[in-house]
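Numbering (my numbering), first residue to last: -11 to 206.
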């Protein structure tokens, strides 16, 4: 594929959750305007139903759609030697390196746009890198990536719920369904459930509280 007129947008879903995967999506397109025309925007500003409708439309219109997934276990392992920004940088670089593009538009997770842009550029030589906060609201090709990443992660969270046979929520620490599920599992099993990011402070606090309760039961 010629790179001269191909853009790639990259974004993630699931950076902050305590339960479930981190999903990165890269959407490659020689005509990113098609995503604006179909109404793609920051996935958080769309209803779940609309995201589900848009995802196959985006896949059909894109030159390529690439998805990189890190499970909770993967994240815990990588966090022993890397920051979360470094983990995300590696996943972004993987996703945008799978095909040739002239410009990479990235939704920047780092407070320092320039530093993140330079780091991504170093990993993907030969392409211009535009790393911006809220890029998913500014560049239609990043909006498209945002939608597909979110839809993919939501489906995976539903599968996790089916695996356990009960609702597990969105996976975010602010979700009482998620927190209630993890707390109950720890109380009954003495350890966090599968798919939990045990390196997260939220889980460490839960485990510490459970340990204290067990001591006071004596």
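Don't be surprised by glycine CBs; every beta carbon is placed ideally from N, CA and C.
Since this is a predicted model, take the numbers as computed values, not measurements.
Is the beta carbon of residue i less than 7 Å from the beta carbon of residue j?
i           : j           : result
residue 207 : residue 6   : Past the edges of the chain, shown from -11 to 206, lies residue 207, and the structure says nothing about it.
residue 95  : residue 130 : yes
residue -2  : residue 16  : no
residue 117 : residue 108 : yes
residue 11  : residue 137 : yes
residue 198 : residue 174 : yes
residue 50  : residue 89  : no
By the 10 Å Cβ neighbour count, where 16 or more other Cβ atoms means buried, how is residue i classified, buried or exposed?
i           : result
residue 8   : buried
residue -11 : Only weak support is given to the placement of residue -11: the predicted model assigns it a pLDDT of 34, under 50, and the value that follows is read from those uncertain coordinates. Exposed, by the Cβ-count rule.
residue 48  : exposed
Going by DSSP, what residue range makes up the alpha helix (DSSP H) through residue i?
i           : result
residue 132 : 128 to 152
residue 82  : 72 to 84
residue 165 : 164 to 177
residue 106 : 101 to 111
residue 7   : Neither: residue 7 is in no alpha helix (DSSP H) and is coded neither H nor E.
Report, in whole angstroms, the separation of the C-beta atoms of residue i and residue j, which I expect to be a contact under 8 Å.
i           : j           : result
residue 64  : residue 192 : No, residue 64 and residue 192 are not in contact; Cβ-Cβ is about 12 Å, not under 8 Å.
residue 187 : residue 67  : 5 Å
residue -4  : residue 14  : 5 Å
residue 58  : residue 84  : Not quite, the Cβ-Cβ distance comes to about 16 Å (not below 8 Å), so this is no contact.
Mind checking which residues open and close the beta strand (DSSP E) that includes residue i?
i           : result
residue 120 : 116 to 120
residue -3  : -5 to 1
>> What ranges does the beta strand (DSSP E) occupy inside the stretch 17 to 65, keeping only unbroken runs of at least 3 residues that lie completely in it?
In response: 52 to 58
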